[in-house]
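Numbering (full-length UniProt numbering), first residue to last: 1 to 363.
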C-alpha cells in the first residue's frame, strides 16, 4: 500500500522550499522503500532549487542519507527489510562497457527507481540524484541501498552518501594519494575537508589547505591540514610551492569548481603531478591555458565523479574506519535540524556558517 509522508519540495526556480505531503508507492521489481533516519543538507540540493542542474520541477530534495529498509519489491535479493543502509546515487548496472571492463566505479548506466513519488494531486516529483531523502520515507532502486554497520549513527553515516565520499574519494581513489606525498586542497568546505581527511588517511606528509575564509582554514586543521593559505591575502601558487620545497604539490585537489582556482591548481602541482577537479563548475565556465604547459608539466589532469567510489566497497570500509576512530566523520556535522528547517540551513550554507547541517527525522 502506498504511504503518505512529509517531504521537502522545491516547486520552482529560486522559490523557498516547502514541506509537502508525499505519496510513496509500494516498491516494484528491483525497488526498495526506505525509512529515512537522517539526511545531510548538501550544496547539490541548493543547486536543484536554483535550477542549476535541470528544470524538471518540482524536486523532492535530499540525497545524503542513511535509513532502514522498510520493504522491497520482487526480485530484490541484496537487501531486506530491517537492513541499515546508506543511500547512494551510483547503483551500478553490471552490464555497461565500464562494468564489463571491471571498472564499475565508472558505471555509465546507473539506475534509479522506476516508479515516481508524487504530490497528493498526482504531480510527479523528480527526486534529487534519484533519491529524494528530505522525506520520512523514499523509494529507490535496491542497488542504491548499501548495507553498513548499524553502530554508526545515521547523521554521521549518511554523509558518505555524497559530499564526504566525494572528497575522500578525490584524494584516495582519483588522486591516488600515497605515503609521503604532498597534497594541496583548494576550497575547504565539506568536500575539501573530506579530501584533507582522505589525504591524511592515505599517509600524505604535507597537506596544504587553501581558502579565503580563516574560519574554514582553522577547521581544515582538525581534518589534518599541516599548512594553511588564505589566498585572499597571499599568492596561493607561491605559498604551495614554498610549503613543498619550491616544487609544487604531488596532488592538487580543486574542490570549488571555478576557472581561476583550477588555474591555481594547475600551476601549483609539481612536474608529473596530478590535478583532481572535484568541485562542480557552472556549465558556462571556460578556461584557457597555454598548451605547451600541458605538455611540459606532464602528469595527469583528472575529474573525480562521486570520488570515483564503488559504494559496495567503500561505504562499509569507511564506516569501519569511523568506528575504529580513524576517520572523524562526526566532525563534519555542524548541527542537527528538523525537516522543516532546510530553507534556513541553505542560508547558513550560503554564508559559510556550517560545514554540514543534518536533518534528523523526528527531531
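We treat Cβ as the ideally placed atom computed from N, Cα and C, and that holds for glycine.
Everything numeric in this text was worked out from a predicted model, so none of it was measured.
- Given a length threshold of 4 residues, each whole run of the alpha helix (DSSP H) inside the stretch 221-247 is given here in chain order: 236-243.
- Residue 72 is positioned such that its CB atom lies closer than 9 Å to that of residue 31.
- In the DSSP assignment, residue 138 falls within the unbroken beta strand (DSSP E) covering 137-141.
- Taking a contact as a CB-CB distance under 8 Å, the pair residue 23 and residue 155 does not count as one, their CB atoms being some 26 Å apart.
- In this structure, DSSP gives residue 44 a helical state, which the three-state scheme calls helix.
- For the 9 Å CB-CB criterion, residue 56 and residue 12 do not form a contact.
- Counting every other CB atom within 10 Å of its CB across the protein chains shown gives residue 95 a total below 16, marking it as exposed.
- Here DSSP, grouped into helix, strand and coil, assigns residue 147 to strand.
- Looking only at 170, 101, 62, the smallest Cα-Cα distance to residue 140 is reached by 62.
- Look at residue 120 here: in three-state DSSP terms it is coil, with no helix or strand label.
- Counting every other CB atom within 10 Å of its CB across the protein chains shown gives residue 199 a total of 16 or more, marking it as buried.
- Between residue 145 and residue 87, the CB-CB gap stays under 9 Å.
- DSSP places residue 273 in the uninterrupted beta strand (DSSP E) bounded by 269-277.
- Fully contained in the stretch 273-351 are the following beta strand (DSSP E) runs of length 3 or more, in chain order: 300-303, 335-337.
- By the Cβ-count criterion, residue 173 is buried, with 16 or more other Cβ atoms from all chains shown falling within 10 Å of its own Cβ.
- Per DSSP, residue 156 is one residue of the alpha helix (DSSP H) stretching across 154-157.
- Residue 92 places its beta carbon less than 9 Å from that of residue 107.
- A direct Cα-to-Cα measurement between residue 111 and residue 90 gives close to 7 Å.
- Between residue 257 and residue 279, the C-beta gap is smaller than 9 Å, which places the two residues in contact.
- Per DSSP, reduced to three states, the secondary structure at residue 115 is coil, with no helix or strand assignment.
- Residue 177 is positioned such that its CB atom lies closer than 9 Å to that of residue 202.
- The beta carbons of residue 323 and residue 164 sit no closer together than 9 Å.
- Secondary structure of residue 127 (DSSP, three-state): strand.
- Annotation: residue 14 is outside any beta strand (DSSP E) and is labelled neither H nor E by DSSP.
- The C-beta of residue 131 has 16 or more other C-beta atoms within 10 Å across all chains shown, which makes the residue buried.
- By DSSP's assignment, residue 206 forms a beta bridge with 182.
- In this structure, 137 is the residue among 137, 109, 207 with its C-alpha nearest to the C-alpha of residue 34.
- Each of 79, 98, 168, 48 was checked against the Cα of residue 318, and the nearest Cα belongs to 168.
- According to the DSSP secondary-structure assignment, residue 4 is paired through a beta bridge with 23.
- DSSP places residue 200 in the helix class (H, G or I) of the three-state scheme.
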